[in-house]
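Chemist:
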Amino acid sequence: MKKLLLLLIFVLVFSYTASAALTVNTADISGVEAGSDLLLSITVGSTAETFQNVDVRATIQGTAAVVTGSVSNVAPNSAQTASLTLSVPSDITPGTHTVTVTATDRANAANTVNTQKGFNVLPRTTVEVSQNSAVIPTLALKAVPGDLQTISYTLKNTGNVELSNIRLSTEFSSLEDNDDNLIRLTFTPSTIASLAPGASRSFTVQMDVDSSYEIKDLSGSLVISANIPNGVADLRVPISISILPSACSS
Numbered sequence: 000m001k002k003l004l005l006l007l008i009f010v011l012v013f014s015y016t017a018s019a020a021l022t023v024n025t026a027d028i029s030g031v032e033a034g035s036d037l038l039l040s041i042t043v044g045s046t047a048e049t050f051q052n053v054d055v056r057a058t059i060q061g062t063a064a065v066v067t068g069s070v071s072n073v074a075p076n077s078a079q080t081a082s083l084t085l086s087v088p089s090d091i092t093p094g095t096h097t098v099t100v101t102a103t104d105r106a107n108a109a110n111t112v113n114t115q116k117g118f119n120v121l122p123r124t125t126v127e128v129s130q131n132s133a134v135i136p137t138l139a140l141k142a143v144p145g146d147l148q149t150i151s152y153t154l155k156n157t158g159n160v161e162l163s164n165i166r167l168s169t170e171f172s173s174l175e176d177n178d179d180n181l182i183r184l185t186f187t188p189s190t191i192a193s194l195a196p197g198a199s200r201s202f203t204v205q206m207d208v209d210s211s212y213e214i215k216d217l218s219g220s221l222v223i224s225a226n227i228p229n230g231v232a233d234l235r236v237p238i239s240i241s242i243l244p245s246a247c248s249s
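The structure is reproduced here in structure tokens:
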């Protein structure tokens, strides 16, 4: 019985010593934006023995984000540094989150240590517009004088905060030509109650061109105004308008 007890004590002491020999730490993390890269400087050290290979893993709690790496030849009372890049999910909520860094001796998986660091995810207000399921950087409108056409688009909230009381409008220096002919742009709907992160809503743009409108190109913006937590966001997507001669309408 005494031999068994002594053996158990030896095993416990040995296991504690082996685990305690490996250390891990990471530099403080500043605020980052959703969808950006989080640069981690991870220090792996030893207090008692040399570790030939140590696997390093970093995760963001509550997400699928993960990155792995390794260091080698970690000698007693010294350290090796692993530089890892962790991709922050684009839909992660703003506020405080936790990175967990784990270091594991490749020769003895039971010898694992970890540390945690908090970091702040900043609010991000971004949208994208798509047409026929393809994201477009610009609403490119083409017409001939006298045209009346309706084009369908989809607006998606690609940020990490909810957009509410969304208003669609345009911003041009002028939609008149030199003879006071007009281009009229109408959005349906012109207001959207809300879009959660990742949510989408279809809308149409009706373009009504006066029959005598001159041949010219115009550029402006689709303005997406929305309420966000603690403020208002004005987002812009470029609009280009080309009024073509009737012979080029095809």
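Okay, so the sequence shown: first residue is 0 according to numbering that gives the first Met the number 0, each after it adds one. Just so you know, even glycine gets a beta-carbon here, dropped at the ideal spot from N, CA and C.
Is DSSP giving Ile-8 helix, strand or coil here?
Modeler: Annotation note: pLDDT 34 at Ile-8 (below 50); position unreliable, no value reported.
Chemist: Output the distance between the C-alpha atoms of Asn-156 and Gly-197, rounded to the nearest integer angstrom.
Modeler: Those two C-alpha atoms are separated by around 5 Å.
Chemist: Per DSSP, Gln-115 forms a beta bridge with which residues?
Modeler: For Gln-115, which the question treats as bridged, DSSP gives the partners Thr-99.
Chemist: Given a threshold of 16 other Cβ atoms within 10 Å of its Cβ, counted over all protein chains shown, does Val-87 qualify as buried or as exposed?
Modeler: Result: buried.
Chemist: Output yes or no for whether 8 Å exceeds the beta carbon distance between Arg-183 and Asp-146.
Modeler: Cβ atoms of Arg-183 and Asp-146: not closer than 8 Å.
Chemist: Ignore the nearest five residues each way along the sequence and tell me which others in Thr-153's own chain have a CB closer than 6 Å to its CB.
Modeler: So the qualifying residues of the chain are Ser-129, Ser-199, Ser-201.
Chemist: Quick one: give me the first and last residue of the beta strand (DSSP E) that Val-87 is part of.
Modeler: Looking at the DSSP string, Val-87 is not in any beta strand (DSSP E), and its letter there is neither H nor E.
Chemist: In its own chain, which residues sit with a C-beta less than 7 Å from the C-beta of Ser-35, not counting the 5 before and 5 after it?
Modeler: Counting only Cβ-Cβ distances below 7 Å, and skipping sequence neighbours, we find Val-87.
Chemist: DSSP puts Asn-156 in a beta bridge; with which residues?
Modeler: Looking at the DSSP assignment, Asn-156 forms a beta bridge with Val-126.
Chemist: Whose C-alpha, out of Glu-161, Val-222, Ala-139, is nearest the C-alpha of Ser-241?
Modeler: The shortest C-alpha separation from Ser-241 is found at Ala-139.
Chemist: Contact between the segment 99 to 110 and the segment 20 to 32: three or more CB pairs below 8 Å?
Modeler: At 8 Å Cβ cutoff, the stretches touch.
Chemist: Look up Ala-265 in the DSSP assignment and say whether it is helix, strand or coil.
Modeler: Only positions 0 to 249 of the chain appear in this structure, which leaves residue 265 out of reach.
Chemist: What runs of the beta strand (DSSP E), each 3 residues or longer, lie entirely inside the segment 160 to 203?
Modeler: Those beta strand (DSSP E) runs which fall completely within the segment 160 to 203 and span 3+ residues are 162 to 170, 182 to 187, 190 to 194.
Chemist: So which of Lys-215, Thr-187, Gly-219, Gln-79 has the shortest CA-CA distance to Glu-170?
Modeler: Measuring from the Cα of Glu-170, the nearest candidate turns out to be Gly-219.
Chemist: To the nearest angstrom, how far is it from the Cα of Glu-175 to the Cα of Lys-215?
Modeler: In a straight line, the C-alpha of Glu-175 is about 11 Å away from that of Lys-215.
Chemist: Pro-144: buried (16+ other C-beta within 10 angstroms of its C-beta) or exposed?
Modeler: Pro-144 is buried by the Cβ-count criterion.
Chemist: Just how far apart, CA to CA, sit Val-73 and Gly-117?
Modeler: Distance between the alpha carbons of Val-73 and Gly-117: 26 Å.
Chemist: Pick from Asn-180, Ile-165, Val-160, Ala-133: whose alpha carbon is nearest that of Phe-186?
Modeler: Out of Asn-180, Ile-165, Val-160, Ala-133, Ile-165 has the C-alpha closest to the C-alpha of Phe-186.
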